[in-house]
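Reviewing the structure listed below.
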Amino acid sequence: MPELPEVEVVRAGLAPAVTGATVEAVDVLDERALTRHPGLPSGFADELVGREIVAPVRRGKFLWMPLAGGDARALVGHLGMSGQLLLRAPGAPAERHERVRLFLLHPHHGELAVVFADQRTFGSLAIDALVPTADRAPGGHGADLAATPLMVAHIARDPLDPAFDENAFRRALARKESAVKRVLLDQTVVSGVGNIYADESLWAARVHPETPVRMLSARAVTRLLGELRAVLQKALAEGGTSFDAQYVNVNGQAGYFAHSLEAYGRGGAPCSRCGRPIQRVGFMNRSSHFCPRCQRLP
DNA sequence: GGAATAACCTGGATGC
DNA sequence: TGCATCCAGGTTATTC
Numbered sequence: 000m001p002e003l004p005e006v007e008v009v010r011a012g013l014a015p016a017v018t019g020a021t022v023e024a025v026d027v028l029d030e031r032a033l034t035r036h037p038g039l040p041s042g043f044a045d046e047l048v049g050r051e052i053v054a055p056v057r058r059g060k061f062l063w064m065p066l067a068g069g070d071a072r073a074l075v076g077h078l079g080m081s082g083q084l085l086l087r088a089p090g091a092p093a094e095r096h097e098r099v100r101l102f103l104l105h106p107h108h109g110e111l112a113v114v115f116a117d118q119r120t121f122g123s124l125a126i127d128a129l130v131p132t133a134d135r136a137p138g139g140h141g142a143d144l145a146a147t148p149l150m151v152a153h154i155a156r157d158p159l160d161p162a163f164d165e166n167a168f169r170r171a172l173a174r175k176e177s178a179v180k181r182v183l184l185d186q187t188v189v190s191g192v193g194n195i196y197a198d199e200s201l202w203a204a205r206v207h208p209e210t211p212v213r214m215l216s217a218r219a220v221t222r223l224l225g226e227l228r229a230v231l232q233k234a235l236a237e238g239g240t241s242f243d244a245q246y247v248n249v250n251g252q253a254g255y256f257a258h259s260l261e262a263y264g265r266g267g268a269p270c271s272r273c274g275r276p277i278q279r280v281g282f283m284n285r286s287s288h289f290c291p292r293c294q295r296l297p
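For the first sequence, counting from 1, position 289 maps to 288 in numbering that gives the first Met the number 0; every step adds exactly one.
As structure tokens, this is what we get:
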């Protein structure tokens, strides 16, 4: 499931290959990949062909490639649960679940294809207008411009973003009545966190996922934020989390962070701190994993 | 207005 | 062996 580290690995992989490249042609094989595109699916290719791509940018789980020219538009991607952006030779055979293929011409690397494949079709591509950021800081990781696509404007900055406002994060927590895990998954409060890294950071900070967020002390919030950053950075260094073929980098290679997981996906296995079995419970139509001894409800 | 929930979707795993 | 059901979860629309 692509969360911040996985999307960042994809962004970093795309950057040298697509920056400065021109879109020569676009094949839309499945229009469900364009569900977030504000215009008609038929106009997607027309808007892209002939345009030069600027360096890719990421905020949270959203990825976008600004288009050169004066009209402030960008190709925006979200990988959903199973989306992949792959670099391929233009004549490479179709990927399983391939939805869109962009044919690019790069001034130094020549012709290449960017393939968007997505098994569960929760991911999408779109072309959207760029709007100024509210805090006037660069739009996200990899950005020079203080702008984001309109559809990303409501997404908070992620904890690894230098412009992440820790005080605003604390104020947002103080206003919430929900459980801490629900707030961590709220992309308008803090972005880039999904089920895996929410469970992992809560385990590391010894916080029960159902703890009402207003009951967390300032010290506990500091600890949680620190552990969240540490988990995300470690996952990034290890190339992200891959359980199966659902997440791979632009070359189709899996990440290694699944070997470092302490809570997520380890229901019934002993906690590495205390030995008690990790518990798995239903939460928000998905699963929460936590240690009942190390992570107690206040 | 904020919080909670359902729906979207596909393929692998499981049960019968 | 074949079919039916369950499960995974990010985002958003809908409901409370």
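Glycine residues also receive a C-beta, built at the ideal position from the N, C-alpha and C atoms.
Under a Cβ-count criterion, where at least 16 other Cβ atoms within 10 Å of its own Cβ denotes burial, should residue 72 be classed as buried or exposed? buried
From the DSSP output, which residues share a beta bridge with residue 286? 281
Evaluate residue 296 with the Cβ neighbour count: other Cβ atoms within 10 Å of its Cβ, from every protein chain shown; 16 or more gives buried, anything less gives exposed. exposed
Please classify residue 240: is it buried, with 16 or more other beta-carbons within 10 angstroms of its beta-carbon, or exposed? buried
C-alpha gap between residue 127 and residue 40, whole angstroms: 13 Å
From 181, 83, 97 and 64, residue whose alpha carbon lies closest to that of residue 147: 64
Helix, strand or coil, according to DSSP, for residue 29 in the structure here? coil
Distance CB(residue 137)-CB(residue 145) smaller than 7 Å: yes
At the level of alpha carbons, what is the spacing between residue 185 and residue 176? 13 Å
Residue range of the unbroken beta strand (DSSP E) whose run includes residue 97: 97-105
Which residues does DSSP list as the beta-bridge partners of residue 21? 51 and 104
Can you find at least 3 beta carbon pairs, one from the region 39-58 and one from the region 263-283, that sit closer than 8 Å? no
Would you say residue 36 and residue 61 are within 7 Å of each other, going by their C-beta atoms? no
Which of helix, strand or coil does DSSP assign to residue 74? strand
Check whether the Cβ atoms of residue 58 and residue 7 sit closer than 7 Å, and answer yes or no. no
Sequence-distant residues of the same chain with beta carbon closer than 7 Å to residue 34, five excluded per side: 123
If you drop the 5 nearest sequence neighbours on each side, which residues of the same chain put their C-beta closer than 8 Å to that of residue 250? 12, 85 and 86
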